[in-house]
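Numbering (our numbering), first residue to last: 168 to 287. In this text, a Cβ means the ideal position worked out from N, Cα and C, and glycines have one as well.
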């Protein structure tokens, strides 16, 4: 895969993670949230939609060459987010705080840094 394709893929993943986890801010606080937290208002159904978007992020990581170990960690983060996020009321707070997609973005960035050839 070319460096340009990899950069585009990473930008898509970054945009999706930001949209799901931290697109909005509550003024006067440090609290940021995204569509994952908003969708969580509808227990189970909203979290299932958000999990599908998280699965797309993981799929993009797979297509970008992430190792199985990294993909497993990403899947675990998404699963924890879905499981606890599906609990009414408490799950919405959990979704806003946990930020599984941001965690997965960080895992992917670390993976890509590990794969990058050393600079001479």
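Beta-carbon proximity of residue i to residue j, cut-off 7 Å
{"i": "residue 199", "j": "residue 189", "result": "yes"}
{"i": "residue 121", "j": "residue 204", "result": "No answer is possible for residue 121: the residues shown for the chain start at 168 and end at 287."}
{"i": "residue 187", "j": "residue 268", "result": "yes"}
{"i": "residue 220", "j": "residue 229", "result": "no"}
{"i": "residue 275", "j": "residue 222", "result": "no"}
{"i": "residue 270", "j": "residue 244", "result": "yes"}
Bounding residues of the alpha helix (DSSP H) (the contiguous stretch that carries residue i)
{"i": "residue 256", "result": "Where residue 256 is concerned, there is no enclosing alpha helix (DSSP H), given that its DSSP letter is neither H nor E."}
{"i": "residue 280", "result": "267-282"}
{"i": "residue 171", "result": "170-188"}
Under the three-state DSSP convention, the category residue i falls into
{"i": "residue 234", "result": "coil"}
Beta-carbon contacts of residue i that lie in its chain and below 8 Å, excluding the five residues immediately before and after
{"i": "residue 242", "result": "225"}
7 Å Cβ shell around residue i - same chain, five flanking residues per side excluded
{"i": "residue 181", "result": "272"}
Contacting residues, own chain, Cβ-Cβ under 6 Å from residue i (five flanking each side not counted)
{"i": "residue 183", "result": "224"}
{"i": "residue 249", "result": "214 and 218"}
Nearest-angstrom beta carbon gap, residue j and residue i [assumed within contact, 8 Å]
{"i": "residue 202", "j": "residue 217", "result": "7 Å"}
{"i": "residue 179", "j": "residue 227", "result": "6 Å"}
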